[in-house]
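Okay, so here's the structure we're looking at.
There are 2 protein chains.
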Amino acid sequence: MARANLTPAVVVAAAADLADREGVDAITLSALARGFGVQTASLYSHVRDRAALLDGVHELALGELADRIAEGIGGRSGRDALVALAEAHRDYAGAFPGRWAVLLRPAAASTVRSASAGRVAALTLAMLRGYHLPESELVHATRLLAATVNGFLALEANGSFGHREPSTDISWGRALDALDTVFRSWA
Amino acid sequence: MARANLTPAVVVAAAADLADREGVDAITLSALARGFGVQTASLYSHVRDRAALLDGVHELALGELADRIAEGIGGRSGRDALVALAEAHRDYAGAFPGRWAVLLRPAAASTVRSASAGRVAALTLAMLRGYHLPESELVHATRLLAATVNGFLALEANGSFGHREPSTDISWGRALDALDTVFRSWA
DNA sequence: TGAGCTACCTAAACCCTTTAGGTTTCAGCC
DNA sequence: GGCTGAAACCTAAAGGGTTTAGGTAGCTCA
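Protein chains in written order, with the numbering used here: chain C, -18 to 168; chain X, -18 to 168.
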């Protein structure tokens, strides 16, 4: 019986893929074990429990998202940077719905303190600095940005916007316009 | 053996209360049955399955939220109405975290078509009409509003904002200011 | 009073999680 | 080459949850 040679990282990656294919609820130790051709209990050598597995996926997704944000922002600033950051989120949510859904769940304390979380925060802050807001307002601007982007994508993902015309693409553009306007003329 | 005299509505209400006390994941037919002093299988006479139960809670919550929005908006208009609507959401999310979490999940098709969903939509639309946007822009404004409010409350609820100073109350105020500004000067 | 509907029950199949403790495999070293 | 120890993997089992099928008891009303 050949070994699967699993590692925590391999298990977490498989969980992320499974979530993208069949939804977050499909992340079960049983399903993963079946996929690896291994007994369920064996996975507990690599992952503490199901919660820890989800935390792992969370952190993985955060890192991937940070990469995409960094690449998108590139040398841009101002509105271009804002759009790039938002678009990175939307592309990621569209391409990896399962990973995205995991990101929307409460993060473990360790995840909040992770390097990936820090990178996302730093990139967001760097982008916002391009708008020259008062330093003390940066937190509020960050929260507004995060709320709007995440809120939009969440509603889009769970079907709250329906499939009605006009398409959500236009609404998405309006939302980015609104954010840009707000940041440029922050009281 | 005294009968519990259950009805679908009673079961759904109990599920909602349970969610507020212990979280959405605590909504199990088993737990509810224990609460009623009844066998788990008996609940299937009143509720098709767990998914239908959650749909019931979703619709219940939507109705309660609509009531609060209506009461909050009262005779107000413009910014006052916007704040009342947003505050109704925030109060509800704070007071009934479990019900709120259920609202954030994808809605069943029947729920989308329900009277409660219609009421929330109608109230939102009525509020936005106070800003005199072009009729064709109302959809986009609605989506931006929903995204911002829901996004903010979701991030607040799942701890993404941390407990850091300054408090989220101030950020919340900034977000409402931003929405008001955007709606008043919609391009 | 008794017929019938409904509320509730027992039984059972099936799936998932998690713990405990045993066995196999493999790299590296004498 | 054979031994050894650490991983990697396994079996077994307890404990919950969901759901279906079919049986029984209690209430209502003719």
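Built from N, CA and C at the ideal position, the CB exists for glycine as well.
Predicted model only: the values in this text are computed from it and were never measured.
On a Cα-Cα basis, can you pick out the residue from the options that is closest to residue i?
| i | options | result |
| --- | --- | --- |
| C:Ala156 | X:Phe142, X:Glu137, X:Glu146, X:Leu119 | X:Leu119 |
| X:Val28 | X:Ala7, X:Leu(-1), X:Val(-8) | X:Val(-8) |
| X:Gly59 | X:Ala90, X:Leu13, X:Leu104, X:Asn139 | X:Leu104 |
| X:Asp30 | X:Asp48, X:Ser11, X:Leu125 | X:Ser11 |
| C:Ser97 | C:Arg86, C:Glu40, C:Ser117 | C:Glu40 |
| C:Glu116 | X:Ala14, X:Pro147, X:Phe77, X:Pro78 | X:Pro147 |
| C:Asp161 | C:Leu35, C:Ala65, C:Asp1, C:Val93 | C:Ala65 |
| C:Asp1 | C:Glu68, C:Gly37, C:Trp81, C:Pro(-11) | C:Trp81 |
| C:Arg49 | C:Ala135, C:Ala67, C:Arg94, C:Ser23 | C:Ala67 |
| C:Arg71 | C:Leu24, C:Arg15, C:Ala135 | C:Ala135 |
| X:Pro(-11) | X:Leu35, X:Gly75, X:Ala128 | X:Leu35 |
| X:Arg124 | X:Ala(-4), X:Val101, X:Glu45 | X:Val101 |
| C:Ala47 | C:Leu(-1), C:Leu106, C:Ala(-6) | C:Leu106 |
| C:Arg194 | X:His144, X:Ala(-4), X:Val93 | Any property of residue 194 of chain C remains undetermined from this structure, which presents chain C solely from -18 to 168. |
| X:Gly99 | C:Tyr25, C:Ala42, C:Gly75, C:Ser141 | C:Ser141 |
| X:Ala90 | C:Gly143, C:Ala69, C:Gly79 | C:Gly143 |
| X:Ala74 | X:Gly4, X:Asp158, X:Ile151 | X:Gly4 |
| X:Ser95 | X:Ala42, X:Leu24, X:Asp158, X:Ser23 | X:Ala42 |
| C:Leu84 | C:Asp158, C:Asn131, C:Leu126, C:Thr21 | C:Asn131 |
By Cβ distance below 7 angstroms, which residues in the same chain neighbour residue i in space, the five residues on each side in sequence not counted?
| i | result |
| --- | --- |
| X:Glu137 | Thr149 |
| X:Ala62 | Ile54, Met108, Gly111 |
| C:Pro187 | Only positions -18 to 168 of chain C appear in the structure, and residue 187 of chain C is not among them; the question remains open. |
| X:Phe133 | Trp153, Ala156 |
| X:Ala7 | Leu(-1), Ala0 |
| C:Thr129 | Ala156, Leu160 |
| C:Ile151 | none |
| C:Arg57 | Ala65 |
| X:Thr21 | Leu10, Ser11, Ala14 |
To which residues of the same chain is residue i closer than 8 angstroms at the C-beta, ignoring the five residues directly before and after it?
| i | result |
| --- | --- |
| X:Leu114 | Ala122, Phe164, Trp167 |
| X:Met(-18) | Caution is warranted here: a pLDDT of 48 is assigned to X:Met(-18), below 50, making its placement in the model unreliable, and the coordinate value is therefore given only provisionally. Excluding residues within five positions, none has a Cβ falling inside 8 angstroms. |
| C:Ala(-4) | Ile8, Leu13, Leu34, Leu35, Gly37, Val38 |
| C:Glu45 | Tyr73, Phe77, Arg80 |
| C:Ala51 | Arg100, Leu104 |
| C:Ala(-6) | Leu41 |
| C:Ala127 | Thr105 |
Just to make sure I have the definition right: I need the residues of chain X whose C-beta is within less than 7 angstroms of the C-beta of residue i. Which are they?
| i | result |
| --- | --- |
| C:Thr129 | Ala128, Thr129, Gly132 |
| C:Gly4 | Here the premise fails: no neighbours, minimum Cβ distance about 10 angstroms. |
| C:Pro147 | Val120 |
Return no unless some Cβ of chain C is closer than 8 angstroms to the Cβ of residue i.
| i | result |
| --- | --- |
| X:Ile151 | yes |
| X:Ala159 | yes |
| X:Arg15 | no |
| X:Asn139 | yes |
| X:Val163 | yes |
Mind pulling the chain C residues with CB within less than 9 angstroms of residue i?
| i | result |
| --- | --- |
| X:Ala135 | Leu85, Ala128, Asn131, Gly132, Ala135 |
| X:Phe77 | Per Cβ cutoff of 9 angstroms: no residues; X:Phe77 is ~17 angstroms from chain C at best. |
Alpha helix (DSSP H) containing residue i: first to last residue?
| i | result |
| --- | --- |
| X:Asn131 | 119 to 138 |
| X:Trp153 | 149 to 165 |
| C:Asp61 | 59 to 76 |
| C:Pro(-11) | -11 to 3 |
| C:Leu85 | Per DSSP, C:Leu85 belongs to no alpha helix (DSSP H) and is neither H nor E. |
| X:His39 | 31 to 54 |
| X:Ala102 | 96 to 110 |
| X:Gly16 | 10 to 17 |
Which residues in chain C sit within 8 angstroms of residue i, going by Cβ to Cβ distance?
| i | result |
| --- | --- |
| X:Ser23 | Result: empty, since nearest Cβ-Cβ is about 26 angstroms, beyond 8 angstroms. |
| X:Pro115 | Chain C residues near X:Pro115: none, gap ~12 angstroms exceeds 8 angstroms. |
So, is the C-beta of residue i closer than 8 angstroms to a C-beta in chain X?
| i | result |
| --- | --- |
| C:Leu125 | yes |
| C:Asp30 | no |
| C:His39 | no |
| C:Arg71 | no |
| C:Arg155 | yes |
Take residue i and list the residues in its own chain whose beta-carbon comes closer than 6 angstroms to its own, dropping the five residues that flank it on each side.
| i | result |
| --- | --- |
| X:Val19 | Ala(-15) |
| X:Phe17 | Ala(-15) |
| C:Leu(-13) | His27 |
How would you list, in chain order, the residues of chain C whose beta-carbon sits under 7 angstroms from the beta-carbon of residue i?
| i | result |
| --- | --- |
| X:Gly53 | What X:Gly53 touches in chain C: nothing, since even the nearest Cβ is about 20 angstroms away. |
| X:Val101 | Residues of chain C passing the Cβ test: none, with the nearest at roughly 11 angstroms. |
Below 9 angstroms on C-beta distance, what does residue i contact in chain X?
| i | result |
| --- | --- |
| C:Ala88 | Asn139, Gly140, Ser141 |
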